[in-house]
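Residue numbers (the working numbering): 1 to 295. The structure appears right after this line, and notes come after that.
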Amino acid sequence: MNSQIITILLPLALAIIMVGLGLELTLKDFARVGKHPKAVLVALCCQLIVLTSIAFLLCKLLALPPLLAVGLMLLAASPGGSTANLFSYLFKGDLALNISLTAINSVIAAFTLPLIVNFAISHFLQDGQQITLQFSKILQVFSIIIVPVAIGMLIRHYSPRLSEKLNKPLRIFAVIFLVLIIIGAIVAERQNIGEYISQVGIATALFCIYSLCIGYFVPRLFGINSAQARACAFEIGIHNSTLAMTIALTVLMNTAIAMPAAVYSIFMYIFAALFGLLLNKFVAFTPTEVETQPN
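Shown next, in the form of structure tokens:
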């Protein structure tokens with residue numbers, strides 16, 4: 001990819017998307033965590049501990065090449081995407097819980113993502129491969145995630161009308177940008193793309209399936225109702241792959257590391273939709289479980 005696109009346009013475009021995420025959040029979304037503490041705690045444990053462990057095991061069991069292994073770990077460390085809220089709405093999840101999880105996840109990821117990625121780099125890459133996530137780059141990750149979200153929240157708080165006007169265009173922009181960044185990553189690695197997909201395709205498909213299943217069935221094992229478990233599943237299964245790809249391309253400056261997130265982006269919406277349809281068909285729940293609007 002052109003260096004100016006990578007260093008200037010990608011972070012700028014991602015910042016616009018993260019502002020869009022902030023437009024959907026309020027301080028009440030963070031405060032609402034106290035209403036469903038068990039669901040939030042279980043979901044966060046699944047996201048931060050279980051999924052990261054599964055990604056690590058997949059890297060080992062499938063013997064992924066080092067750069068692709070780092071990419072899968074980066075994907076696992078990325079928070080849920082804002083489209084998880086849409087899937088929760090479509091497939092009868094607890095939307096208020098989903099929004100709260102997105103809010104909390106986005107903040108926590110600013111701290112945990114650098115830790116997980118640095119572990120992956122130190123474990124999978126040889127000393128000669130000069131890719132690091134130093135303190136200055138950690139601050140860059142923090143600013144990419146937190147600052148735009150905070151700006152979006154401020155816009156919503158002080159100018160609700162502007163927030164409503166911007167919300168839909170930014171959602172559309174997010175989808176278009178995701179498609180463009182996938183195409184860009186594929187074009188940049190066009191000589192190796194077939195090999196990369198063959199190497200990481202199974203890993204990302206399995207990771208997507210495991211993410212959705214763990215996100216739903218683990219909360220159910222802890223007595224969390226179906227609507228809340230659906231919210232957890234979509235939050236955990238639909239990662240912010242745009243964030244992962246942008247960090248790979250702009251912070252780590254490596255296209256190969258972006259490939260797992262690019263391939264995952266293709267799988268996750270298909271698998272999430274199929275998973276939601278299967279839940280609607282085979283899992284019964286009472287309408288009172290569903291909270292479609294945040295308080």
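The beta carbon of each residue, even a glycine, is placed where N, CA and C say it ideally should be.
Would you report the Cα separation of residue i and residue j, rounded to the nearest angstrom?
i, j, result
"VAL283", "VAL251", "42 Å"
"ALA55", "VAL149", "27 Å"
"ALA231", "THR26", "18 Å"
"GLY324", "ILE247", "Outside the displayed range of the chain (1 to 295) lies residue 324, so it cannot be described from this structure."
"PHE234", "ALA84", "5 Å"
"PHE267", "GLY81", "14 Å"
"VAL147", "ILE17", "12 Å"
"ASP94", "GLN191", "44 Å"
"LEU41", "PRO114", "21 Å"
"LEU212", "LEU170", "26 Å"
"ASP29", "ILE214", "24 Å"
"LYS60", "SER159", "49 Å"
"ASN118", "GLU164", "38 Å"
"PRO37", "THR102", "14 Å"
"LEU90", "ALA273", "9 Å"
"LEU278", "LEU162", "38 Å"
"PHE142", "LEU154", "18 Å"
"GLY194", "PHE173", "28 Å"
"ALA168", "GLN126", "Rather than Ala, the amino acid found at residue 168 in this sequence is Lys. Each residue's Cα considered, the two are about 44 Å apart."
"LEU221", "LEU166", "39 Å"
"TYR269", "VAL187", "22 Å"
Thinking C-beta only, is residue j closer than 8 Å to residue i?
i, j, result
"GLY110", "VAL70", "The question names Gly, but residue 110 in the sequence shown is Ala. Not closer than 8 Å, so no."
"PHE87", "ILE238", "yes"
"ARG156", "LEU51", "no"
"GLY20", "GLY152", "yes"
"LEU62", "SER241", "no"
"ALA258", "ILE144", "no"
"PRO219", "ALA31", "no"
"ASN280", "LYS92", "yes"
"LEU58", "LEU206", "yes"
"SER106", "PRO79", "yes"
For residue i, I'd like the list of residues in its chain whose CB is within less than 8 Å of its CB, leaving aside the five on either flank, ordered along the chain.
i, result
"LEU48", "ILE108, THR112"
"VAL263", "TYR196, ILE197, VAL200, GLY201, THR204"
"ILE104", "PHE30, VAL33, VAL40, LEU44"
Looking at C-alpha atoms only, which residue of the options is the closest neighbour of residue i?
i, options, result
"ALA39", "ALA15, ALA76, ASN98", "ASN98"
"ALA77", "ALA261, ASN254, THR255", "ALA261"
"LEU249", "LEU166, GLY184, SER82", "GLY184"
"PHE116", "GLY34, SER53, LEU170", "Rather than Phe, the amino acid found at residue 116 in this sequence is Ile. Out of GLY34, SER53, LEU170, SER53 has the C-alpha closest to the C-alpha of ILE116."
"ALA96", "LYS35, TYR216, ALA272, TYR158", "LYS35"
"ILE209", "PHE271, ALA13, ASP94, SER122", "PHE271"
"GLN228", "SER100, PRO11, LYS60", "SER100"
"PHE217", "ASP29, CYS46, TYR158", "CYS46"
"LEU180", "MET245, PRO37, SER159", "MET245"
"PRO11", "LEU274, SER265, ALA273, MET253", "MET253"
"SER265", "GLN126, LEU274, VAL187, VAL175", "VAL175"
For residue i, collect the residues of the same chain with a Cβ closer than 7 Å to its Cβ; drop the 5 residues on either side in sequence, then sort them by chain order.
i, result
"LEU64", "LEU72, GLN199, VAL200, ALA203"
"ALA13", "PHE177"
Return the chain-ordered list of same chain residues with a C-beta closer than 6 Å to the C-beta of residue i, the five sequence neighbours on each side being excluded.
i, result
"ALA256", "LEU67"
"LEU243", "SER78"
"PHE124", "PRO66, ALA69, VAL70"
Exercise for the section: Please list the segments of the alpha helix (DSSP H) lying wholly inside the segment 204 to 264, counting only runs of 4 or more residues, in order along the chain. Expected result: 226 to 237, 241 to 246
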